[in-house]
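Everything below concerns the one structure shown next.
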DNA sequence: TTTATAGTTAACCATATGGTTTACTGTAAT
DNA sequence: ATTACAGTAAACCATATGGTTAACTATAAA
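Chains as they are written, first to last, in full-length UniProt numbering: chain A, 1 to 118; chain B, 1 to 118.
Below, the structure is given as structure tokens:
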């Protein structure tokens, strides 16, 4: 790991790889919010929480506006779009590679009902 | 970090947060391949490379079939779908929350390269 | 049967990561 | 002027992560 440096997509996906940060994103998708208000929902110290916000900001997923002593954070969807695009391109390419049998099997899977919830 | 445990989505996004692993995924989207064949493209020891495959396998993104001394790895798209769904749900919810002005701005962004504030 | 090939395991290392506490700054309220 | 409140900074800690090398197993080829 001599010369390892995170690129943009690394950073975006790293943000998403943490359930606290995914929860923050969901929260912010409802609208902007202040640090303390959001932090209250998490079993974590305030400095711990603001570290997550800093990481998300560096990755370009959130920004904030300052009003007096408050910081209102809001989503910066461009960053998320970046990740979404990578996945969508992948899956469109991948699907174009499938044989018709594979496509048939894919259409008719139905029974893979693991809980995909959080 | 007393009791921190990665859940499914954590694992999937963690896989995606590494450019080597994203490259492996793209490679495998063209079809199955063996370990050494794939490893040749990376400036990394073989054990280092197989560690990545193990991580991807644990996250449910790849599987393999063994043929003699070869392991043929292939994509297991369910895992990736899981990540894609999370992002798509988010963005559909997020878009439904926008005001019509915001939607207008979103449609017509084209060039929004200024930092909002800070 | 010996040798080559494909891949894994184990031990190790440096840095990153997710968290803490304590002390601080800046703004608002009394 | 003092106190409360919102948030940051710094130092620290334990574990995770991405990598290495050396030694191994299993299958295939000579």
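Using N, Cα and C, we set each Cβ at its ideal position, and we do this for glycine too.
At least one beta carbon of chain B lies nearer than 8 Å to the beta carbon of residue 90 of chain A. Boundaries of the beta strand (DSSP E) around residue 71 of chain B: 70-75.
Counting the other Cβ atoms within 10 Å of the Cβ of residue 75 of chain A gives 16 or more, which makes it buried. Of the candidates B:18, B:96 and B:94, B:18 places its Cα closest to the Cα of residue 55 of chain B.
With contacts defined as CB atoms closer than 8 Å, residue 53 of chain B and residue 35 of chain B qualify as a contacting pair. Counting the other Cβ atoms within 10 Å of the Cβ of residue 28 of chain B gives 16 or more, which makes it buried. The residue from B:38, B:90 and B:63 with its alpha-carbon nearest to that of residue 20 of chain B is B:38.
In the structure shown, the three-state DSSP call for residue 6 of chain B is coil. Note on geometry: alpha-carbon atoms of residue 92 of chain A and residue 51 of chain A lie some 36 Å from one another. Within chain A, the residues 13, 14, 15, 16, 17, 18, 22 and 83 have their CB atoms less than 9 Å from the CB of residue 13 of chain B, given in chain order. Bridge pairing for residue 66 of chain B: B:71 [DSSP]. Neighbours of residue 42 of chain A in chain B, taken as residues at a C-beta separation under 9 Å, are lacking, since the least C-beta distance is about 13 Å.
Closest in C-alpha terms to residue 26 of chain B, from the list B:44, B:73, B:46 and B:9, comes B:73. Put simply, of A:63, A:81, A:41 and A:43 the residue whose alpha carbon is nearest the alpha carbon of residue 12 of chain A is A:81. According to the DSSP assignment, residue 27 of chain A belongs to the alpha helix (DSSP H) that extends over 19-28.
For residue 46 of chain B, the enclosing alpha helix (DSSP H) begins and ends at 46-58. From the beta-carbon of residue 29 of chain A, the residues of chain B found nearer than 8 Å are 90, 93, 94 and 97.
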